[in-house]
Every structure is written in C-alpha cells, then in structure tokens.
Amino acid sequence: MVAPGMSGPMLADELEKLQPGLRVLYMSGYDETQVVRRYVIEKGHALVRKPFTPEELVRKVEEMLARPA
C-alpha cells in the first residue's frame, strides 16, 4: 500500500495491535529485499508478487488460512 502518511507495513502494525495474530498478505511489485525481510519473513506474513494470476492469489490466501493464527 502506498498512501500519504502511512505505509502498508505501518497499517499492518496498527491493525495487529487491535487484533493480535492477524494474518497479513502483502501484494507488491517492488523488489525491496530489506522490506520483505523485515515485514514479511520476520513477522511471519505472506507476500504475493505482482503481477500474479487469480489462481496464485487464491493459493496464497488458502495457504494463509490453513496456518494457525
């Protein structure tokens, strides 16, 4: 998410405070390895890279829903 004043990771952090264990799926066309490591890998979130097919998105969501919160 690109928005004035708040990034996607910042929004996810705020939402996690309200709902611990929240599953987060990032969708990004950017190749920012440090961001991916900090916000996806270290926090156990998921990432689907743009462009993706509807089938890839469904598969990623199903994987996330199958994991414990």
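Residue numbering for the sequence shown is 385 to 453, as defined by our numbering.
Just so you know, even glycine gets a beta-carbon here, dropped at the ideal spot from N, CA and C.
Predicted, not measured: the structure shown is a model, and the values here were computed from it.
Nearest CA to the CA of residue i: which residue from the options?
i: M411; options: E440, P388, A450, P452; result: E440
i: V419; options: E398, L399, S391; result: S391
i: A396; options: V408, P388, V432; result: V408
i: R433; options: T417, E426, K427; result: T417
What is the rounded straight-line gap between the Cα of residue i and the Cα of residue j?
i: F436; j: R443; result: 11 Å
i: P388; j: L402; result: 22 Å
i: K427; j: P452; result: 14 Å
Does the distance from the C-beta atom of residue i to that of residue j stay below 8 Å?
i: E400; j: L406; result: yes
i: P393; j: Y423; result: yes
My understanding is that residue i touches residue j, with C-beta atoms under 8 Å, so please give their C-beta distance in whole angstroms.
i: E430; j: E446; result: Contrary to the premise, residue 430 reads as Ala rather than Glu in this sequence. Contact doesn't hold; Cβ gap of about 11 Å is too wide.
Quick check for students: name the residue ranges of the beta strand (DSSP E) that lie wholly in the segment 389-427, counting only runs of 3 or more.
Listed in chain order, they are 409-412.
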